[in-house]
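Asks: Chains as they are written, first to last, in this note's numbering: chain R, 4 to 479; chain U, 256 to 355; chain B, 1061 to 1558.
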Amino acid sequence: MSLHYLPAIVLIITVLLSLTSLSLKRHHGIAYLICGGGLLLTMLSLFMQIGKTGTTSELFVFDAITPFLSLILLIVVSMIWVQLYQWLEALDERKEEYYLLLLLATLGSLIMVASNHFTSFFLGLELMSLSFVGLVAYSGREFKGQEAGVKYLILSAVASALMLMGMAILYLQYGTLSFNDLSMQGASGTLPSWVTVTGIIFILGGMFFKLSLVPCHLWVADLFEGAPLATSALLATLSKLAAFVVLWRIFSLGEWHTHAVIVDIVAAVAIASMLVGNFLGLLQNNLLRLLAYSSIAHFGYLLIILLLAASPTTAFLTSTFSTEAVVFYLVAYLFTLVGVFSVLMQMPQIKTQQDLTGLFWHKPTLAITLALLMLSLAGIPLTIGFMGKFYLVMTAVNHQMWWLLSALVIGSVIGLFYYLRVIMMMIKAPDGESDFSGLTMTTNGQLLNYLIIFLVIGFGTFPAAFSQLIETLSRG
Amino acid sequence: MISIHWLLFLSLALFSIGVYGVVARRNLLFILLSLEIMLNAVVLLFIAGSSFHGNPDGQIMYLLILTLAASEVAVGLGLVIHMYRQHHTLDVDKLSQLRG
Amino acid sequence: MILLSLLLIPLIGGIVAWYSERFNPDYPRWVALASLILCWVPVLPYFSAFTLEQMPQWLVDEPMRWIPRLNITAHLAMDGLSFLLVILTLAMGLVALSSAWTEIKKRTGFFYLNLLWTLAGVMGVFLAMDLFLFFVFWEVMLVPMYLLIAIWGYENRQYAAFKFFMFTQAGGLLMLLSLAGLVILHYQQTHILSFDYTVLVQNPITGDLAYWIAVGFTVAFIVKLPALPFHSWLPDAHTQAPTAASVILAAVLLKTGGYGLIRFVLPLFPDAAKAIAPLMMTIAGVGVVYGAMMAFVQKDLKRLIAYSSVSHMGFVLLGCFAMNIYALQGAVMQMLAHGISTSALFVLVGMIQYRFKTRDLDKLGGLWQQVPRLSAIGLFFGVASLGMPGLGNFVAEFLVLVGSFEKYPWYTVVAASGLILGAIYSLIIIYKTFFGPRGDSVQTSEVKGAAEVTDTSNREATTLLVMVVILVYMGVHPQPFMDMVQSNLLQTIAKGLL
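1) If you draw a straight line from the alpha carbon of Gly388(R) to that of Leu1154(B), how long is it in whole angstroms?
2) If you draw a straight line from the alpha carbon of Cys38(R) to that of Leu19(R), how long is it in whole angstroms?
3) Against chain R, with Cβ distances strictly below 8 Å, would Glu1199(B) count as a contact?
4) Here's the rule: buried if 16 or more other CB atoms are within 10 angstroms of the residue's CB, otherwise exposed. What is Ala1510(B)?
5) Can you confirm whether the segment 46-57 of chain R touches the segment 8-27 of chain R when touching is taken to mean that 3 or more C-beta pairs between the two stretches lie within less than 8 Å?
6) Using DSSP with H/G/I as helix, E/B as strand and the rest coil, what is Met1138(B)?
7) What does a CB cutoff of less than 7 Å around Asn1568(B) pick up in its chain, not counting 5 residues either side in sequence?
8) Determine the direct distance from the alpha carbon of Ser21(R) to that of Gly382(R), and round the result to whole angstroms.
9) Given this structure, state the Cα-to-Cα distance separating Ser266(U) from Thr261(R), to the nearest angstrom.
10) Pro466(R) touches chain B at which residues, Cβ-Cβ below 7 Å?
11) Reducing DSSP to helix, strand and coil, say where Trp1161(B) ends up.
12) Taking the alpha helix (DSSP H) that Trp259(R) falls in, what are its first and last residues?
13) Reducing DSSP to helix, strand and coil, say where Ser118(R) ends up.
14) For the segment 303-310 of chain U against the segment 279-292 of chain U, are there 3 or more C-beta pairs whose distance is under 8 Å?
15) When the cut-off is 8 Å and only beta carbons count, does Asn282(U) lie next to chain R?
16) According to the neighbour-count rule (16 or more other Cβ atoms, all chains shown, within 10 Å of its Cβ), is Arg340(U) buried or exposed?
17) Does any CB atom of chain R fall closer than 8 Å to the CB of Phe270(U)?
18) How should Ile1097(B) be labelled, buried or exposed, when 16 other C-beta atoms within 10 angstroms of its C-beta is the threshold for buried?
19) Distance, Cα to Cα, Gly355(U) vs Asp225(R)?
20) Please tell me whether Leu291(R) and Gly342(R) are closer than 8 Å, where the distance is taken between their beta carbons.
21) Below 9 Å on C-beta distance, what does Leu276(U) contact in chain R?
22) I think Ala1297(B) touches Tyr1172(B), with their Cβ atoms under 8 Å apart; what is that distance to the nearest whole Å?
23) Are the C-beta of Phe1281(B) and some C-beta of chain R separated by less than 8 Å?
24) Just grab the DSSP bridge partners of Asn289(R) for me.
25) Span of the alpha helix (DSSP H) holding Arg1125(B)?
26) Taking the beta strand (DSSP E) that Val1431(B) belongs to, which residues open and close that run?
27) Checking contacts by CB at 8 Å: is Tyr174(R) closer than that to chain U?
28) Where does Ala1510(B) sit, in a helix, a strand or coil, going by DSSP?
29) Go ahead and pull the three-state DSSP assignment for Met338(U).
30) Does the count of Cβ pairs from the segment 1516-1525 of chain B and the segment 1385-1394 of chain B closer than 8 Å reach three?
31) Using a C-beta cutoff of 8 Å, does Ala1344(B) count as contacting chain R?
32) Could you give the distance in angstroms between the alpha-carbon of Phe469(R) and the alpha-carbon of Glu327(R)?
33) Could you check where the alpha helix (DSSP H) with Glu1520(B) kicks off and where it finishes?
34) Let me know if Lys1056(B) comes out buried or exposed under the rule of 16 or more other beta-carbons within 10 Å of its beta-carbon.
35) Between the Cα of Leu1396(B) and those of Tyr1087(B), Phe1255(B), Lys1223(B), Val1146(B), spot the shortest distance and give me the residue it belongs to.
36) Cβ of Leu1193(B) within 8 Å of Cβ of Ala1134(B)?
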């Protein structure tokens, strides 16, 4: 048993500990602290692994990137955790189980990120999805939450079933479930190659559900709106990151880009997601629905990365550059998104864009933070979101994917409309109707806002150290 | 021995029946049942693959999927009961509060 | 550190200005004034460059490390062209400050923050010699400008600000793609990865892709200029912007487009520039005439001046693509002269609006009797705008026409006819506002009591008179300005002729 399993073990112990304390005595503060302590220890154990030599086992892979991505995941979860106490206090429900489910979902996503085998991937996925059902339907008395819970249950089950079907077909074809053996193209195939393609399409279908890409995107807005805010934040970050990392790994290990049909499908989905996501975002008034559609578009941009291997390259820089682009983009997007959610969690009564009218003149820190985050989502320079987009554009131009790039440009321009509208609302002169007296700023929240500004602007303006770190990780 | 193709087609057919059930049925209970059919189709294919290739991976997947099916139904039924208590209906079309 | 401090002073000054509002709403403008004056300190020594026999390639050159992973540097440098435009920016910053002095009463701190940050961004654009850095400044300066229009503008400000942002941002995204393409193509052809202008300019890229990359850059720049198909944001933005923002917009923001063409498109893509020149000359010629014709049907004084800008900037485009040293010098002169004359007109309109609460041409008229000093200065700048010999605008337009006649006689004829139309709309401004029968608004304000309407204050008069002096100086003795840019422009031309 090597050091690499330590984070997962720490998390499992935390889960057990919080379960025990829950059965002995219910106390919100204790549950909060146990959860936080566990997350902190997990982060420490992950931090120790960064830069160490990795190993690959049958079920898991621990290369240089995996602990880094896991650490990013944990940071995101912790940023949500910081605000959780206050947010749950306002919720009229039992509170302690939320932490339990949160930890389990985190564990599931950690397993997914490190998985190297369909079995471990499947277990991680289900651990995460089933915990998410609980998290989504957490406030049982709310009809909306319940509806979202039912929808998520059915959709995640369908997605899992699709992916399982794909796995079964690939298993039938190759007789193995390991990601490493996926690339044995055709050599040992027992069935014609269309069977492989069918299997891949099944897996992609399930993944598109998880990543809420067009045409499997219809659920995501309902879910974001209906689920409790913290859950939406987790869904948007944790579940999508884990799913994308796995998709990326399978896609490159399995060399799926060699199937022309698959490349066409992914390209079509990417273009459709960029355009449809941004376009539907235009029509939204609810902030959470807006974020949902923006996340569709952003994962559409990310899909470009999957297709890189299919296009000619000019051997620009090093072969790891596309890896760096993925990591940079993911990190940038996740930090931005979790920032948006934590700002929204600080003002629970604000639901629509109209509610934001004049926020800037009442709560400047909150408004500036939100405005910077919107600029980061839109990809305006000096924000971390821009650096991510720049990396993406550099790689895509390097591979001369003009179609996808033109969709990216059009999508970004459409996207600007609604990101800018949010900012516009905030700087409008207050009309007297908007009442922000209910907004109390806590030191906790204030500090978090400064941290977010630091992350978004600091890394956006001086990305040198960060890009260097990612480069070293991608090399090793 | 039956050709592996037939098993694939049988499994795909079962899977399609399950998908149809999820899409067409309005009752939450039946949707859960259809999901089970989908999972069983997958399980069938895993077992077939396992026996075809003569390695046990597929059978292990079978056990895992069985566990998943059980836990999914457990969570699902919990939601079903909750929904029935509050609304006295299991029709998913009634779940239409969230519109964008 | 000289150029860096030039950028940092307004940035820091802006934050101080914002903070100082807590103590007194009057403090921010003094802070803004102080930091703008402080900005002159780093550039003052370089005025001696006017007397140099031979201009060096760079007056100042400050490369700094930034993102080593992609070999992106924070390379700031200043040559004659940058120097002239930075001076213009700083001078017009003072003019904008003067026009905002009493006009802006609400949220002063945040206003001056945005004003100073816009200026810093524009100076960054003029000084950045790394393409990535240039792009960053190019995009970032939009944000404070957007806020200036959207918060302190007139009735329809949100729409106008939005349109302004969207147009330039869309152009910017195109530039981002072209930028990536340029660097990668350059890497392919030379195996040097660099975003640095000085490196890229040594080996201009070739091939079909280079053509499209050049088109991408050009489109981004002519959106800002603005040239014909992409001009529609300008009238809206100008009409709705507060006077200070209009001044900045007309005086320096539009010049970033022309600067980009001269600095980047011509030397980096000599072949492609030659290929698209006929198209650009057409756009420019049509733009000159179209802008002038649109100008004289406008009822709104600000809109009229905005369309006249479209017409004048057409000359800049014409000069850029004529591939001739006279035309290029003319384009630079036009950028300077237009910057001064048009922003002076906007200041005047701001004063008129402040006094008579309207900028509708039909409601104005007969201002001379009430505000003679203001009207006299207005007459001067109206005449300047039509290209009266002896003023900077005449020199500029004449040079452009002379330069482009050699290769493109017909475009020149069309553009020259735009000058006649220019005379018409300039005279319309002069006639309808300062002379003629008194308009409704003028009369009502008189009824309310003549004491309310005062002539130009000393601050306003000084600002405008300084601008008059500069414009006259440029008209009668333009040689120093041309010498400043001559060596660099000659190099550009030489590249194009090879």
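Glycine included, C-beta positions come from ideal geometry on N, C-alpha and C.
Replies: From the atom records:
1) Residue 388(R) sits at position 385 when you count from the first residue of the first sequence. Residue 1154(B) sits at position 94 when you count from the first residue of the third sequence. So the alpha carbons of these two residues sit roughly 34 Å apart.
2) Sequence index remark: in the first sequence, residue 38(R) carries index 35 (1-based). Sequence index remark: in the first sequence, residue 19(R) carries index 16 (1-based). Each residue's Cα considered, the two are about 11 Å apart.
3) As a position in the third sequence, residue 1199(B) is number 139, starting the count at 1. At least one chain R Cβ lies under 8 Å of Glu1199(B).
4) On the third sequence, position 450 is the one that residue 1510(B) refers to. A caution first: Ala1510(B) carries a pLDDT of 48, below 50, which makes its placement in the model unreliable, though a value can still be read off. Burial call: exposed.
5) yes
6) What you label residue 1138(B) is simply residue 78 of the third sequence in a count that begins at 1. Strand, per DSSP.
7) It is not possible to answer for residue 1568(B), since the shown part of chain B is limited to 1061 through 1558.
8) On the first sequence, position 379 is the one that residue 382(R) refers to. On the first sequence, position 18 is the one that residue 21(R) refers to. Distance between the alpha carbons of Gly382(R) and Ser21(R): 40 Å.
9) In the second sequence, residue 266(U) corresponds to position 11, counting from 1. In the first sequence, residue 261(R) corresponds to position 258, counting from 1. Spanning the two alpha carbons is a distance of roughly 27 Å.
10) Taking the first sequence and counting its residues from 1, one reaches residue 466(R) at position 463. Here the neighbours are Ile1127.
11) As a working note, residue 1161(B) is residue 101 in the third sequence. If DSSP states are grouped into helix, strand and coil, Trp1161(B) belongs with coil.
12) Position 256 of the first sequence, counting from 1, holds the residue named residue 259(R). Taken as a continuous stretch (DSSP letters only), Trp259(R) belongs to no alpha helix (DSSP H), as it is neither H nor E.
13) Locating residue 118(R) in the first sequence gives position 115, where the first residue counts as 1. Strand at Ser118(R).
14) no
15) Working through the second sequence from its first residue, we reach residue 282(U) at position 27. Judged by the 8 Å Cβ criterion, Asn282(U) is not in contact with chain R.
16) As a position in the second sequence, residue 340(U) is number 85, starting the count at 1. When all chains shown are included, Arg340(U) counts as exposed.
17) Counted from its first residue, the second sequence places residue 270(U) at position 15. Yes, Phe270(U) counts as interfacial toward chain R.
18) Counting from 1 along the third sequence, the entry for residue 1097(B) is found at position 37. Classification of Ile1097(B): exposed, given that the 10 Å Cβ count is below 16.
19) Position 100 of the second sequence, counted from the first residue, corresponds to residue 355(U). Position 222 of the first sequence, counted from the first residue, corresponds to residue 225(R). Caution is warranted here: a pLDDT of 48 is assigned to Gly355(U), below 50, making its placement in the model unreliable, and the coordinate value is therefore given only provisionally. Distance between the alpha carbons of Gly355(U) and Asp225(R): 7 Å.
20) As a working mapping, residue 291(R) is identified with position 288 in the first sequence. As a working mapping, residue 342(R) is identified with position 339 in the first sequence. No; because the gap between Cβ atoms is not below 8 Å, this pair is not in contact.
21) Taking the first residue of the second sequence as 1, we reach residue 276(U) at position 21. It should be noted that the sequence gives Gly, not Leu, for residue 276(U). Within 9 Å Cβ-Cβ: nothing; Gly276(U) doesn't reach chain R, min ~11 Å.
22) The sequence position of residue 1297(B) within the third sequence is 237, counting from 1. The sequence position of residue 1172(B) within the third sequence is 112, counting from 1. So it is not a contact: roughly 20 Å between Cβ atoms.
23) For the purposes of this step, residue 1281(B) is taken as the residue at position 221 of the third sequence. No, no contact with chain R.
24) As a working note, residue 289(R) is residue 286 in the first sequence. Beta-bridge pairing links Asn289(R) to Thr355(R).
25) Locating residue 1125(B) in the third sequence gives position 65, counting from the first residue. Premise fails: Arg1125(B) lies in the beta strand (DSSP E), 1125-1127, not in any alpha helix (DSSP H).
26) Residue 1431(B) sits at position 371 when you count from the first residue of the third sequence. Careful: Val1431(B) lies outside any beta strand (DSSP E) and carries neither H nor E.
27) Residue numbering aside, residue 174(R) sits at position 171 when the first sequence is read from its first letter. Yes - at least one Cβ of chain U is within 8 Å of the one on Tyr174(R).
28) Indexing the third sequence from 1 puts residue 1510(B) at position 450. Confidence at Ala1510(B) is low in this model, with a pLDDT of 48, below 50, so its placement is unreliable and no value can be given for it.
29) In the second sequence, the residue the question calls residue 338(U) occupies position 83. Met338(U): helix per DSSP, three-state reduction.
30) no
31) Residue 1344(B) sits at position 284 when you count from the first residue of the third sequence. Closer than 8 Å: no.
32) Mapped onto the first sequence, residue 469(R) falls at position 466. Mapped onto the first sequence, residue 327(R) falls at position 324. Looking at the two C-alpha atoms, the distance is approximately 11 Å.
33) By 1-based counting over the third sequence, the position of residue 1520(B) is 460. Here the alpha helix (DSSP H) through Glu1520(B) covers 1518-1536.
34) This structure leaves residue 1056(B) out entirely; chain B is present only between 1061 and 1558.
35) Looking up residue 1396(B) in the third sequence gives position 336. Taking only the C-alpha atoms, the option nearest Leu1396(B) is Val1146(B).
36) Taking the first residue of the third sequence as 1, we reach residue 1193(B) at position 133. Taking the first residue of the third sequence as 1, we reach residue 1134(B) at position 74. A contact, by the Cβ cut-off of 8 Å.
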